[in-house]
Amino acid sequence: MRHVSDEAPLAVIRALASLAALLVTTASHAAPDSDALVARLKRTAPASIAFVEVRFSTLLVEPLVVGGTLVYEGEGSLTRRVETPYREESAIRGETVRVERDGEEPRTFALRRAPELRGLLTGMIGLLAGDASFIGEHFAVTTSGDDQGWRLDLAPTDRRLEQRLSDIVVTGAAAEAECFVIRDGQGSASIMLLGAAAARSLPAPLALPELLAHCGAE
Amino acid sequence: MKRTAAALFLLAAWAGGLVALAVFVQRHLDIGSDLRLFLPEPRTPEQRILLDAIGEGPASRLLVVALEGAPPEALAVTSSALVEALRGSGEFRFAANGDVGLDSLPEELLPYRYLMSVDDETRALDRDRLRAALEARARDLASPGGFALEPLIARDPTLLTLALLERWQPVEEPRRELDVWFDAAGERALLVAETRAPAFDPAAQRAALAALDEAFAATRSAAGITFTASGAGSFSVLMEARTRNAAENLARLATIGMLLLLLTAYRRIGALILSALPLASAAVAGLAAVGALFGSVHGITLAFGFTLIGVAQDYPLHLLSHRRPGTPPASVARGLWPTLATGVASTCVAYLTFWFSGVTGLEQLACFTVTGLAVAALSSRYLLPRLMTEGSREHGRSPLLKRLWRAIASLPRPRWTVPVVVLACVGAVAVAPQPLWENDLGALTPVPGELLERDRALRAELGTADSRHLLVVEATSSDAALAALEALDPELERLVVAGAIGAYDHAARYVPSAAAQDARRSQLPSGDALRAELEAAASGTAFRPAAFAPFLADVEAARTLPPLTFEQARTLSAFGSRLDALVPERDSVVAALVTFSGVRDAAPLAALAAPGGQATLLDVRAASESLVEAQRARMLVSLAVGGLLLIAIVAVALRERRRVIRVLAPLALTTLIVVAALQLAGVSLNLFHLISLILAAGLGLDYALFFEHAADDEAEQGRTLHAVLTCAGSTLMVFVLLATADLPVLRAIGAPVAIGVVANFVLALLLTRPAAPRVAR
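For the protein sequence lines, the chains are A and B, in the order given. Heads up: the first sequence begins at 14 in the working numbering, then just goes up one per residue. Heads up: the second sequence begins at 135 in the working numbering, then just goes up one per residue.
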């Protein structure tokens, strides 16, 4: 495996650090009532939300599905607690991620190691905070839909970032973000369903196109 | 009186000769700065390893870089970018900031992981182990960071690569923030870079530092970030610049002072030019001799050499002071020659003993000073008088000097002061709390203490190994050394568990011996067997067995690989430089080191080195002190022999025992007084002080010889007083300037010589001057 060159994380950090701003501000433009959407997306810390994450990979015969709770503690602090089918806790504190799993030594790594994760997290934290002050320079943003079903498409414009992830899609309705989709363009994808979307049953058989359709992100 | 055409021709020829020699010197003489030239030949393996470390060793080429002035995120980003830039620069062999790139193992060597892996990682690649690995990888995939790990999983489902990379991290790691090294406070990002150039090559080090500056400017991610680089290389650049600055400033002041003093003494511009010629000749001839014999000259030789030949400045001054109307300069020179020659010959013989010291730098010093002094003396005797006109005034006849001489003549001749001074000095040395001699090799370095302290602190933050204790394993080949290191492992592990040591590091942690690699290879399953095990392991997991073709290919490749050799491993960026440090390159024998951190009890380490084993325990501090002691012992023996020869020559020249004692007493007492003064000031003596004492003794000998020579001729006494006053005044001025310098080295030379000049002058007047009744004639 090759890491992106050491300059790439720099670009990725800059790009993704602004994601929160993009999510919030662009969503507000896309929605018929943008100001109301931003205000309604905001959560007061601590806030928690159920999630189901479906992981597709070319290594896998069938996708991996985990479920649990996301806890937003404010100030860039987010805990992702996996409850099924095993227990695992990932704590994001500022720039470090600490993963603890039953029966294993906890592992810690820097967020810049995993720009995809960072994109997702800053996006979520930005949404949960309803508060962002960044301008995105590294994504081409297209918005569509309306208050009943909105969609943000974030395509990296930075070549190095593009090598790591092909796009991020966030879909939702009214005040609720429902799906975070992140794809690497080589067959791997992670789709995280949030809140009410996580409670609904998943399509069967569980395949990427069906799930994207399910999320309104096809 | 006008100078003759012949004199002018001689002057032109002399000046031309000097220029020609200077050009020769400039073309043929390199200035070196390897400190090892000033240390004796190593006698023990310990001293040899120590010298390697001082000179060319990787440790001496390692720069520690600290980044600060911005939040940790920005520092970490700059740190990574800087390391990348340094790796791309031709000036550095290696750069690291703790960030373990998975690409630090070259693609083509990846299959070797199955030969290099360790302990439980060598458990058979059976279905149980693979199933456990796949289950863990599935969770990794679904966890934050799964995307980052995904590309590795198909090739390395057991994540052996990561296990190896972790193993190759420094044993005692510095604090790690955002995947890069930080200091304990988390305020400075730390990285290390090893220059290709040796530490003691200021020009090449300057180029490396410039490359570092440039890389930093290009990678700085926030405006507030500043960096400091510390290490032997940066010191040599810094010290070269600082020494040159200080020397230039001092030289300017000294030149002005000298001009004023000589103008006051001789009232002639021509005298200034004449007085400069012998010293200039001494310097150029000395350099040319060193160039012809050695090809290069050490910077310290130059500094010491120029200090020591300073005594030659006095030779033309004696001639100028004794010049008088009615006596041709040639006969003045002839009259002075026995005295001058005694001084020069005895000083030269004393310096010549350095030639037999066995220390290259001192041999160069002997060559330089003896040639220089001989040339200065001979040119003062045979060339200078031909350029001089007969004096128009009698320097010794000034009313002021006459009064001064009368005052001196009426001084008591306090013989009793001699034992009192001796006792006081010995007492002072005895009660001074610090040791008489400085045994710390570090004290030889001219680098200011605060910089060394900062460097020590930075290296401590990096958690570099305890530098005092090393286990040295000698073997006939690198592979034999690796095997011997592996054999030590069980015992070393036991010491870690028992708490005697915190951790240890050696080359076999990075490259196993060929035998160990063969053993691991023989355990690897065949392609078909592994495929069957993998399929069995994957059933019941979400993984596609076919996705692991790269894994099967790597294991298959490892089954036919020849063992990774030590020489191949040396070239790897992940740990090549560590291997260089742990197995310093040597001609015939391979000496592999085991380094330790957190040594709480050195006794069991000594037991490891017990008879029968191939290992010896090296106590670096002891080795370094023994080296310094050996160096000093050689110098002191040289000096003792030189001193005896000096006494012999003076005795032969003066014949009478009373005269010999009168001449030698002041310089012996002065040496004692200077040592006592330094000891009272809390200073332990080092090489610089020793050289200064030698110069002071040389000066004192000349003062005493001339005072003694003045005998009972009043006019001669006046001229001698004039000459010695001028000599002592000019020397004192120069060395007082040095004593006020910022650089400790210059102070170490300036203070003892300045004290020595005063003491020698006063004692020569009190003890050597001719008997009073005859003066009062």
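Where is the CB? At the ideal position from N, CA and C, for every residue including glycine.
Interface partners of residue i on chain A, CB under 7 Å
i      : result
B/S277 : E101, S103, V112
B/A272 : L77
B/A681 : T71, L72
B/A288 : L72
Sequence-distant residues of the same chain with beta carbon closer than 7 Å to residue i, five excluded per side
i      : result
B/A341 : E225
B/A141 : R520, L521
B/G203 : G358, I359, T360
B/G852 : G530, R531, L535, K536, W539
B/L325 : V199, S213, L216, V217, A229, A230, N231, W315
B/E842 : R793, R796, V797, T902
Min CB distance residue i to chain B below 8 Å
i      : result
A/L35  : Any reading at A/L35 must be qualified, since the residue scores a pLDDT of 41, below 50, and its modelled position is unreliable; the value itself is stated next. Chain B contact via Cβ: absent.
A/T71  : yes
A/D166 : no
A/D180 : no
A/E189 : no
A/L23  : Low confidence applies to A/L23: its pLDDT is 39, below 50, so where it sits in the model is not reliable, and the reading given next is rough at best. Yes, because at least one Cβ of chain B sits closer than 8 Å to the Cβ of A/L23.
A/D19  : Reliability fails at A/D19, whose pLDDT of 38 lies under 50, so the model's placement of it is uncertain and the value that follows must be treated cautiously. Yes, contact with chain B.
A/H42  : Confidence at A/H42 is low in this model, with a pLDDT of 44, below 50, so its placement is unreliable and the value that follows should be read with caution. For A/H42, the answer is no, since every Cβ of chain B falls outside 8 Å of its Cβ.
Sequence-distant residues of its chain with Cβ nearer than 8 Å to residue i (five each side left out)
i      : result
B/R401 : R527
B/V581 : F369, L372, M373
Cutoff 8 Å: residue i Cβ touching any chain A Cβ
i      : result
B/G674 : no
B/I443 : no
B/F350 : no
B/F502 : no
Contacting residues, own chain, Cβ-Cβ under 6 Å from residue i (five flanking each side not counted)
i      : result
B/L629 : I635, P738
A/T97  : G80
B/S251 : L294
B/R195 : E328, T329, A333
8 Å Cβ cut-off: residues of chain B touching residue i
i      : result
A/R68  : L275, A276, G280
A/S201 : F281, E284
Chain-ordered chain B contacts of residue i [CB-CB under 9 Å]
i     : result
A/R93 : S277, P278
Neighbouring residues, chain A, relative to residue i (Cβ below 8 Å)
i      : result
B/E321 : Simply none; closest approach about 15 Å.
B/F677 : L72, L73, V74
Chain-ordered neighbours of residue i on chain B, where CB pairs are closer than 7 Å
i      : result
A/D197 : F281
A/E108 : E207, L312
**Q.** Contact between the stretch 636 to 656 of chain B and the stretch 774 to 786 of chain B (3+ Cβ pairs under 8 Å)
**A.** no
(Q) Could you tell me which whole beta strand (DSSP E) segments of length 3 or greater appear in the stretch 680 to 760 of chain B? (A) 724 to 731, 749 to 753
Q) Can you list the beta strand (DSSP E) stretches of 3 or more residues lying completely in the stretch 196 to 255 of chain B, in chain order? A) Runs of the beta strand (DSSP E) inside the stretch 196 to 255 of chain B: 196 to 202, 226 to 230.
Q: Can you check the stretch 414 to 481 of chain B for any alpha helix (DSSP H) of at least 4 residues that lies completely inside it and give the ranges in chain order?
A: 433 to 442, 448 to 456
Q: Count the CB pairs spanning the stretch 401 to 416 of chain B and the stretch 810 to 826 of chain B that are closer than 8 Å, and state whether there are at least three.
A: no
Q. Would you say the stretch 333 to 352 of chain B touches the stretch 543 to 562 of chain B, given that touching needs at least three Cβ pairs under 8 Å?
A. no
Q: Tell me, please, whether the stretch 658 to 672 of chain B touches the stretch 704 to 713 of chain B by the rule of three or more beta-carbon pairs shorter than 8 Å.
A: Flag = no, the stretch 658 to 672 of chain B and the stretch 704 to 713 of chain B do not touch.
Q. Counting pairs of Cβ atoms below 8 Å between the stretch 842 to 857 of chain B and the stretch 497 to 511 of chain B, do you hit three or more?
A. no
Q. Does the pairing of the stretch 212 to 227 of chain B with the stretch 387 to 398 of chain B give three or more beta-carbon distances under 8 Å?
A. no
Q) Counting only runs that start and end within the stretch 841 to 878 of chain B, where is the alpha helix (DSSP H) found for 4 or more residues in a row? A) 848 to 873
Q.
Tell me whether the stretch 509 to 520 of chain B and the stretch 459 to 468 of chain B touch, counting them as touching only if at least three CB pairs, one residue from each stretch, are closer than 8 Å.
A. yes
Q. For the stretch 521 to 600 of chain B, which segments carrying the alpha helix (DSSP H) assignment without a break, of at least 4 residues, lie completely within its bounds, in sequence order?
A. The qualifying runs are 533 to 543, 551 to 565, 583 to 595.
Q: Count the CB pairs spanning the stretch 793 to 812 of chain B and the stretch 877 to 894 of chain B that are closer than 8 Å, and state whether there are at least three.
A: They touch, by the three-pair rule.
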